[in-house]
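Asks:
Residue numbers (our numbering): 483 to 772.
#1: Kindly list the residues whose CB is nearer than 6 angstroms to the CB of residue 719, restricted to its own chain and excluding five residues on each side of it in sequence; keep chain order.
#2: Would you decide whether residue 688 is buried or exposed? Buried here means 16 or more other CB atoms lie within 10 Å of its CB.
#3: Hey, out of 584, 709, 756 and 731, whose CA is closest to residue 724's CA?
#4: Within 10 angstroms of the Cβ of residue 541, are there 16 or more other Cβ atoms? Answer buried if so, exposed if not.
#5: Could you pull out every unbroken beta strand (DSSP E) segment of at least 3 residues lying fully inside the segment 554-606, listed in chain order?
#6: Suppose only complete runs of 3+ residues qualify. What are the beta strand (DSSP E) ranges in the segment 718-759, listed by chain order?
#7: DSSP three-state label for residue 632, please.
#8: Taking only the alpha-carbon atoms, compute the straight-line gap between residue 597 and residue 699 and give it to the nearest angstrom.
#9: Do you know offhand how far residue 545's Cα is from residue 642's?
#10: Going along the chain, which residues of its own chain have a beta-carbon closer than 8 angstroms to the beta-carbon of residue 758, five neighbours each way excluded?
#11: Which residue or residues does DSSP assign as beta-bridge partners of residue 765?
#12: Out of curiosity, what's the CA-to-CA distance linking residue 730 and residue 691?
#13: May I ask which residues mark the beginning and end of the beta strand (DSSP E) holding residue 679?
#14: Buried or exposed: which applies to residue 555, given that a residue is buried once 16 or more other Cβ atoms fall within 10 Å of its Cβ?
#15: I'd like the list of long-range same chain contacts for residue 629, defined as Cβ closer than 8 angstroms, with 5 residues on each side in sequence excluded.
#16: For the beta strand (DSSP E) containing residue 541, name the first residue and the last one.
#17: For residue 701 and residue 742, what's the separation of their Cα atoms in angstroms?
#18: Do the segment 528-541 and the segment 572-590 touch if we need at least three Cβ pairs shorter than 8 angstroms?
Structure representation (structure tokens):
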């Protein structure tokens, strides 16, 4: 008995269509899969670290919050040695060769006029610092290489390169990030420092270290602990660490009159001042290859 064999052209076409789609998808998978190892390899080959990054955000002093003394730094190059007991040790020492591609600085918003608060008149902060250090507020990032490592006493550094000077006034009250158009080459054990040609409201100091000319330090014991946990070095002679103004004239004392940042490439400077209980609030991002 003859058998009949019917052929459904639509079913056959559907199979071919599905087969073609499967081949197309398989080709796509092969193509994408072929890209994945290279992408992973590239990701693994790049290192990135933010020097100065900490779990606890430190807000710089000054501004309308008068619960902490208004303190800033000026005419100095410095780097943080310790930022807290739990943070990375030597937070601004470069761990491997690479490039500094950006940096950031946290800024207070200094007052521009006298303010009556807590039964007292608080003098305008910005005009005072402009007069003392110069206007406008400025900063730049610098790369230092330590020389004579086995020498006793304060460390000595050579300035090897630096970024452009940035004007800070437009960024008061914020944390501003500066991308470097020309990244700075760094090698292991070099130090990323902050240079302040005029002044910068980027210094954090805890309330326990508030000072009153009559009563002294607010909490001496807590302030001593802060002096051990938050320290930084400055490009000043050990004999000229205590900056201030003379009582009679209000003009800069000898230390303040002679303080200078290190800004000449290949210059050498001894970092003789070691300050405690405060922090320069800046960071720098370094990238490199494995």
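All C-beta atoms in this analysis are idealised placements derived from N, C-alpha and C, irrespective of residue type, glycine included.
Replies: Based on what the coordinates show:
#1: For residue 719, where only same-chain residues beyond five positions count, the Cβ hits under 6 angstroms are 754.
#2: buried
#3: 756
#4: exposed
#5: 555-564, 580-588, 597-599 and 602-604
#6: 750-752 and 755-758
#7: coil
#8: 24 angstroms
#9: 35 angstroms
#10: Residues of the same chain with a CB within less than 8 angstroms of the CB of residue 758, apart from the 5 flanking positions on each side, are 708, 709, 710, 712 and 713 in chain order.
#11: 586
#12: 25 angstroms
#13: 673-682
#14: buried
#15: 638, 639, 640 and 750
#16: It is not in any beta strand (DSSP E) - residue 541 carries neither H nor E in the DSSP assignment.
#17: 32 angstroms
#18: yes
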